[in-house]
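S.K.: Chains as they are written, first to last, in the numbering used here: chain A, 1 to 681; chain B, 1001 to 1117.
The beta-carbon is built from N, C-alpha and C at its ideal position, and this holds for glycine as well.
What you are looking at is a predicted structure, and each value in this text was computed from that prediction instead of being measured.
Dumping the structure here so I can ask a few things about it.
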Amino acid sequence: MKKDIGNIFIGVAAVVLLALLMPISRMAADVSMKWSREISVLVIILMLIFLIARAQKRRSYSLLRNLRWLGLTALTYVIILTILKAHHANQTLLNVPHKSDMLTTVLAVAGLFLSVIILMELGKCIFIERGKKTAINFTIVIAIILLHIIVDLADLDKDGLLLSVFRLNTTVIPANIVLVLLWVFSIINGFRCKWIHYLNRRQKMGIFFIGVFLSGWFIFLGPQCKECIENVTQAGSVFVSDIHLFFIIYSSMALLGLLFQLPSAGIMDRRMRQIRYLQDLGAKLGSVLEKDQLLATCADLTIQMVNADLVWIELTANDELVLAWSAGKEAEKLAALDNTRTSALRENLDDNPSALLVNDCNKNSLCRVLADAPLRGGSLLAAAITHSRTTLGYLYALKRNRFAFSEENRGLFKAFTDMVGVALQNSNLMQITIQQQVYREELRLAHDAQMRLLPQQMPQVTGMELAGFCDTANEIGGDFYYVLPLSDDRVDFIIGDVSGIGASAAFYMAELKGLIEALSRHHDTPEDILADINGFIRKNFEPDTFVTMIYSIYFCKQKKLLVARAGHPPFLHLHDDKVSLIETGGLGLGLATNESLRRTLKTTKLRLSSGDRVIFLTDGLLEARNQEGKEFGEEGLTEAVIRCLDCGAEEMASSIRQSMTDFMNGVPRHDDVTLLSLKVL
Amino acid sequence: MSDFEVARKDAGEVSIIYLKGYLDAHTAPDFEKSLQQLVDENRVKIVVNLADLAYISSAGLGVFMGFIEDVRRKKGDIKLAEPTEKVFRVFDLLGFPVLYEIFSSENEAIEKHLNAS
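Printed below as a string of structure tokens:
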């Protein structure tokens, strides 16, 4: 919005300028009119400079756009002034007095307007340096030009008092001093051509030729323009000729600078490209974490950056060196490379703080193998990929031609390889993190599945109250308990503990549950069932895994309970307010043959009466520890049971659990605690 | 609960392993490693001295189970010596005395090995 207002001001100013000059110019001979004309021209030039400066500040800067505008303006200017000169020359030819007619006036005014723009556009180029000194120097140039106009006008008015202060006895000297100052400060500004560095080679050449053309015009044809404009406005003609001088000096110096830079322009471009590749890699490294993608990106960027024929990456994995990725011409030939023959090369890279550059592989013992068929390499760039003083691998770039890589390539290559090291490390860490997350999630799923294997709801058993709980210590535990009602007359109670930790315990539990469901329908004694389970475990589970279990069968009508203990902690029987812990012989399951098991296994036969209680538990309950390292043990259990003689089965279970928790007094559980509580009604 | 140490002493044909501290799921791999080393060296007349073993979990018991078959096939054995009351209780509950010979002194165990061969 403000930009537009500024533009409108400029347009209005131009129109005003035109309007003022046109009628006034007709009265060229009238001195008083001349004064107001010249002063108004001066004022308008000042206003234009100020407005353009403001308008320029608001726009975002683009060097190319600036140069384009400058070129366009200058060309238009050249065309207009050429026409003006032609017209002037025509008048001379025809012996017509050089009056300021319509065409002359319009062209002169347009030229003046354009010259202001040229000045300001040039200023914009200079301002790329943006120092305070730069601004001061440029402003001084403008000030000198305006001073020159004033001095020149003073010359006009030899008798007047207005500008007496600028007069000396001879008015030539001030004008010359001002001209010298203009030269000096134009040259100073001529050093400010940093904008050249921002162009690429093609642009530099283009600017050079256009600049030569324009400067040529200004040098050879420029001076004569002063004459043409003088008839319209003297101030304007001084301004224009000073602009010419400034432009010639500045562009000559800038073009000289350009000329000296052209041979190295190609190298500069390459440098810029290489820096951009490093920036590219930095950006890509942040976004690519998947290893193969990362390696592919690194290989491709390496090829582009140093212009290699073939690039490959070796990585150390589990103390082994593996060809992890290759890219480029005939990459498949790398498979034929026996990497034991390059071990000397790798040793060199390990100790080398920078990259290795070999100009002729044939002459270097480290990589002669690369010079032979099928690779036929000429030049080699190689570096170790390291991170935190560990070598992750090696990066190689090969080119058929000898002397293909330069010293600057070597520095870039090492910087690049360091970034690759960081990226690889990030990728590895990312994979580990993902794996850990996956593992945690798997554990959680296994835990949920395991919990679902336990009784979700206690089945109804006539004449009996049931309650149970299983408090796990870790995500996956080994404890389990089942209640299997098989008929009106029979319910099987099972409690067990699978050794070991981790997800495998949960799987074993699931298998055992299925097995128990099946076996319970085929056998009616605990020993037979336990023996079959033993056989199954011996055959199917890992040799270091075993299971402790109590298998009991309850015949409801007769209230008869058969219990067999296979390596499991004893169970509790409460009868007549007396607590007994019953421990019969029996090997753990999976430890020995079925014969051995049967030999040791003893079945307890209990006749239960009303009010009797049976409590099955796992060792986690007995081994629960308090701060002093003392165990809850059989004493703690017995105490808790005695305290709750009239409780229901549920209450009994909660009471025991509470007693244990109170006993532990904040010490965390390190094992699963499982309990199955039965009360005969 | 990871205070655990394994030490080894060779006495002629017999190797004695001393367990000290808490043998649970975290420390079991250390015990495993020393047994594996003995098996690799074909020193299969093994005595495990449990005098300083304060605690053993099912993971620790599993280590014995993992090696015993192999050791016995190689005509050797793992004999247990000087268990504490608590540790012996764990063995007893599981029925280990049926599977392993348990001695109250290390020398008895070593002698048993030498007499057998």
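Excluding sequence positions up to five away, which residues of its chain have a Cβ less than 8 Å from the Cβ of residue 1110 of chain B?
M.R.: 1011, 1014, 1016, 1047
S.K.: So is residue 236 of chain A buried or exposed if we call it buried at 16+ other beta carbons inside 10 Å?
M.R.: Classification of residue 236 of chain A: buried, given that the 10 Å Cβ count is 16 or more.
S.K.: Checking contacts by CB at 8 Å: is residue 1001 of chain B closer than that to chain A?
M.R.: Annotation note: pLDDT 48 at residue 1001 of chain B (below 50); position unreliable, no value reported.
S.K.: Mind checking which residues open and close the alpha helix (DSSP H) that includes residue 68 of chain A?
M.R.: Where residue 68 of chain A is concerned, the enclosing alpha helix (DSSP H) stretches over 63 to 93.
S.K.: With distance defined between alpha-carbon atoms, name the residue in B/1079, B/1091, B/1055, B/1031 nearest to residue 682 of chain A.
M.R.: No answer is possible for residue 682 of chain A: the residues shown for chain A start at 1 and end at 681.
S.K.: Give the list of continuous alpha helix (DSSP H) stretches no shorter than 4 residues that lie fully inside the segment 489 to 566 of chain A.
M.R.: 503 to 520, 526 to 540
S.K.: Buried or exposed: where does residue 612 of chain A fall if 16 or more other Cβ atoms within 10 Å of its Cβ makes it buried?
M.R.: buried
S.K.: What does residue 320 of chain A pair with, by DSSP beta-bridge criteria?
M.R.: A/317
S.K.: May I ask which residues mark the beginning and end of the beta strand (DSSP E) holding residue 1078 of chain B?
M.R.: Unbroken beta strand (DSSP E) run through residue 1078 of chain B: 1077 to 1081.
S.K.: Hey, quick one: how far does the alpha helix (DSSP H) through residue 439 of chain A stretch, first residue to last?
M.R.: Element bounds for residue 439 of chain A: 407 to 453.
S.K.: Using a C-beta cutoff of 8 Å, does residue 1058 of chain B count as contacting chain A?
M.R.: yes
S.K.: When the Cα of residue 585 of chain A is compared with those of A/595, A/594, A/566, which residue comes out closest?
M.R.: Here the closest residue by C-alpha is A/566.
S.K.: According to the neighbour-count rule (16 or more other Cβ atoms, all chains shown, within 10 Å of its Cβ), is residue 162 of chain A buried or exposed?
M.R.: With a pLDDT of only 48 at residue 162 of chain A, under 50, the local geometry of the prediction cannot be trusted, and the value read off the model is given with reservation. Residue 162 of chain A should be labelled exposed.
S.K.: Please classify residue 394 of chain A: is it buried, with 16 or more other beta-carbons within 10 angstroms of its beta-carbon, or exposed?
M.R.: The residue is buried, with at least 16 neighbouring Cβ atoms inside 10 Å.
S.K.: Classify residue 145 of chain A: buried if its beta carbon has 16 or more other beta carbons within 10 angstroms, exposed otherwise.
M.R.: Answer is buried; the Cβ neighbour count reaches 16.
S.K.: Could you check how far apart the C-beta atoms of residue 645 of chain A and residue 608 of chain A are, in whole angstroms? I think they sit under 8 Å.
M.R.: No, residue 645 of chain A and residue 608 of chain A are not in contact; Cβ-Cβ is about 16 Å, not under 8 Å.
S.K.: Does DSSP put residue 1001 of chain B in a helix, in a strand, or in coil?
M.R.: Confidence is the limiting factor: at residue 1001 of chain B the pLDDT is only 48, short of 50, which leaves the residue's position unreliable, though a coordinate-based value still follows. In the structure shown, residue 1001 of chain B sits in coil (DSSP, three-state: anything other than H, G, I, E or B).
S.K.: Only counting runs of 3 or more residues, tell me where the beta strand (DSSP E) segments fall wholly within the segment 582 to 616 of chain A, in order along the chain.
M.R.: The qualifying runs are 603 to 607.
S.K.: Which first and last residues belong to the beta strand (DSSP E) in which residue 682 of chain A is found?
M.R.: The structure shown has nothing for residue 682 of chain A, since chain A only spans 1 to 681.
S.K.: For a cutoff of 8 Å on Cβ pairs, would you count residue 616 of chain A as touching chain B?
M.R.: no
S.K.: For a contact defined as C-beta to C-beta under 7 Å, what are the partners of residue 1063 of chain B on chain C?
M.R.: Absent from the structure: chain C. Protein chains present are A and B.
S.K.: Rounded to a whole number of angstroms, what is the C-alpha to C-alpha distance between residue 425 of chain A and residue 316 of chain A?
M.R.: Cα to Cα, the separation comes out at about 12 Å.
S.K.: My output table needs one value for residue 218 of chain A: the three-state DSSP class, helix, strand or coil.
M.R.: helix
S.K.: Taking 8 Å as the threshold, find out whether the segment 351 to 364 of chain A comes into contact with the segment 314 to 333 of chain A through three or more Cβ pairs.
M.R.: no
S.K.: In this structure, does DSSP put residue 170 of chain A in helix, strand or coil?
M.R.: In this prediction, residue 170 of chain A scores a pLDDT of 47, lower than 50, which makes its location untrustworthy; the coordinate-derived value is nonetheless stated afterwards. Coil, per DSSP.
S.K.: Can you find a CB in chain A that lies within less than 8 Å of the CB of residue 1101 of chain B?
M.R.: no
S.K.: As a quick exercise: from A/464, A/109, A/183, A/132, pick the residue whose alpha carbon is nearest that of residue 558 of chain A.
M.R.: A/464
S.K.: Expressed to the nearest angstrom, what Euclidean distance is found between the alpha-carbon atoms of residue 298 of chain A and residue 281 of chain A?
M.R.: 8 Å
S.K.: Span of the alpha helix (DSSP H) holding residue 1064 of chain B?
M.R.: DSSP places residue 1064 of chain B inside the alpha helix (DSSP H), whose first and last residues are 1058 to 1073.
S.K.: Nearest CA to the CA of residue 664 of chain A: which residue from A/652, A/37, A/680, A/637?
M.R.: A/637
S.K.: Can you find a C-beta in chain B that's less than 8 Å from the C-beta of residue 410 of chain A?
M.R.: no
S.K.: Spatial neighbours of residue 198 of chain A within its chain, please: CB distance less than 6 Å, with the 5 preceding and 5 following residues excluded, ordered by chain position.
M.R.: Residues of the same chain with a CB within less than 6 Å of the CB of residue 198 of chain A, apart from the 5 flanking positions on each side, are 63 in chain order.
S.K.: Does the beta carbon of residue 1085 of chain B come closer than 8 Å to any beta carbon on chain A?
M.R.: no
S.K.: For residue 1106 of chain B, I'd like the list of residues in its chain whose CB is within less than 7 Å of its CB, leaving aside the five on either flank, ordered along the chain.
M.R.: Cβ within range, chain order: 1016, 1047, 1049, 1081, 1082.
S.K.: Apply the 10 Å Cβ neighbour rule to residue 88 of chain A and answer buried if 16 or more other Cβ atoms are within range, or exposed otherwise.
M.R.: buried
S.K.: Name the one or two DSSP bridge partners that residue 54 of chain A has.
M.R.: Paired residues: none, contrary to the question.
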